[in-house]
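Residue numbers (this note's numbering): 562 to 890. The C-beta atom is built at its ideal place from N, Cα and C for all residues, glycine as well. As the structure is a computational prediction, the values presented were derived from the model and not from experiment. So the structure is just underneath, and the comments pick up after that.
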Ligand code: UDP
């Protein structure tokens, strides 16, 4: 086990809260730092009173707070970030500051106290590169930095550069994990993610809003598989390197909508929405995004265990059980 006491920034979020569950189950002491801007208290409320769980409400932009928390742990899982295409289009400046300045503060404190840091990055950094499967050293192909999606991609790339240079120049062990479309229970549709939206729309009998032609494809990874990969990579001796984590089961968004309708037994139909209306004028989507995860497989034996239908069932089950309803448009 790598580090008994850990800090999880963004531990109240979708992925962070599942990571927190797994770390506590394994026996770690976990401090969660979250400002609950997109994270939710109910994601971690079940740990209330747990002797090895500590919840701190605050932002990664608070240097004194991050200093204090990093000092008292052994390792840092840095997941706090502005996420979701819709959120970063709506609040580009706030997203940029959180993702760049926030990460800089986390790395600065990790350097001060010489702690290992794992940072979650995103497949967004590959931009419009539709090659597949994408290896970690593939080129990034981006549009104008004045488009929010590409500024987000750039901010996350800066995070990766920080991780890399803190290792290269300062010797702080860092791990970069690029996540490809992680989904599962607790993910909300409020910031643009497609599966919770489709599932909620289907359960309500509303049309499923497919953006563009629906011919664009993605590969979805269950959050439990993502968490297993994240923990294994943190525990590995790797430093200063990036790893893709994702599935290779590719599905078009149109097919995804059909599958959600079939699995929920919904009477919903499908409606198409132009990107300009869904996001903003001139919005550019990725036509395809498939990860090559051979590197993580080689180092830590990473293999996704859940197929798309099982993933969808887990999300449907979550929303059927009356998960807090969230805004979907
Ligand atoms: N999408 C959609 N309807 C929605 C939300 C998203 O058709 O209500 C599309 C979106 O345009 C993209 C794909 O689904 O092509 C995946 O979107 P998501 O935001 O989940 O992930 P990302 O775009 O970051 O891969």
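Within the same chain, show all residues whose beta-carbon is closer than 8 Å to that of residue i, passing over the 5 residues directly before and after it, in chain order.
{"i": "residue 699", "result": "687, 690 and 692"}
{"i": "residue 818", "result": "759, 769, 771, 775 and 831"}
{"i": "residue 744", "result": "754, 756, 757, 781, 782, 783, 784, 872 and 876"}
{"i": "residue 815", "result": "771, 774, 775, 776 and 831"}
Taking DSSP as the reference, what is the three-state secondary structure of residue i?
{"i": "residue 869", "result": "helix"}
{"i": "residue 620", "result": "coil"}
{"i": "residue 562", "result": "In this predicted model, residue 562 has a pLDDT of only 49, less than 50, meaning its place in the structure is not dependable enough to derive any value."}
{"i": "residue 812", "result": "strand"}
{"i": "residue 874", "result": "helix"}
{"i": "residue 749", "result": "coil"}
{"i": "residue 659", "result": "helix"}
{"i": "residue 582", "result": "helix"}
{"i": "residue 602", "result": "helix"}
{"i": "residue 779", "result": "strand"}
{"i": "residue 631", "result": "helix"}
{"i": "residue 910", "result": "In the structure displayed, the chain extends from 562 to 890; residue 910 sits before or after that span and is not available."}
{"i": "residue 595", "result": "strand"}
Identify the continuous beta strand (DSSP E) that holds residue i and give its terminal residues.
{"i": "residue 640", "result": "Premise fails: residue 640 is in no beta strand (DSSP E) and is neither H nor E."}
{"i": "residue 833", "result": "831–834"}
{"i": "residue 686", "result": "Note, residue 686: premise wrong, no beta strand (DSSP E); not H, not E."}
Roughly how many angstroms lie between the CA atoms of residue i and residue j, to the nearest whole one?
{"i": "residue 711", "j": "residue 785", "result": "28 Å"}
{"i": "residue 587", "j": "residue 573", "result": "18 Å"}
{"i": "residue 827", "j": "residue 599", "result": "29 Å"}
{"i": "residue 839", "j": "residue 874", "result": "26 Å"}
{"i": "residue 856", "j": "residue 726", "result": "21 Å"}
{"i": "residue 708", "j": "residue 733", "result": "33 Å"}
{"i": "residue 644", "j": "residue 719", "result": "15 Å"}
{"i": "residue 862", "j": "residue 697", "result": "17 Å"}
{"i": "residue 807", "j": "residue 869", "result": "12 Å"}
Looking at the strands, I want to know which residues DSSP matches up with residue i.
{"i": "residue 806", "result": "740"}
{"i": "residue 590", "result": "566"}
{"i": "residue 678", "result": "637 and 735"}
{"i": "residue 702", "result": "688"}
{"i": "residue 609", "result": "Its beta-bridge partners do not exist; DSSP assigns none."}
Please return the same chain residues whose Cβ sits closer than 6 Å to the Cβ of residue i, not counting the five positions on each side in sequence.
{"i": "residue 628", "result": "670"}
{"i": "residue 679", "result": "638, 736 and 795"}
{"i": "residue 804", "result": "738, 794, 856 and 857"}
Which residues mark the beginning and the end of the alpha helix (DSSP H) in which residue i is found?
{"i": "residue 719", "result": "709–731"}
{"i": "residue 788", "result": "784–796"}
{"i": "residue 667", "result": "664–674"}
{"i": "residue 651", "result": "646–651"}
{"i": "residue 850", "result": "Residue 850 -> no alpha helix (DSSP H), and no H or E assigned at all."}
{"i": "residue 756", "result": "755–765"}
Please work out which residues of its chain come closer than 7 Å, Cβ to Cβ, to residue i, disregarding the five sequence neighbours upstream and downstream, and give them in chain order.
{"i": "residue 685", "result": "713, 714 and 717"}
{"i": "residue 666", "result": "621, 622, 624 and 627"}
{"i": "residue 851", "result": "693, 694, 695, 780, 809 and 811"}
{"i": "residue 729", "result": "801"}
{"i": "residue 630", "result": "568, 592, 594 and 617"}
{"i": "residue 662", "result": "622"}
Pick out every residue whose C-beta is nearer than 5 Å to a heavy atom of ligand 3: which are they, in chain order? Looking at this structure, you won't find ligand 3 anywhere; what it does contain is ligand 1.
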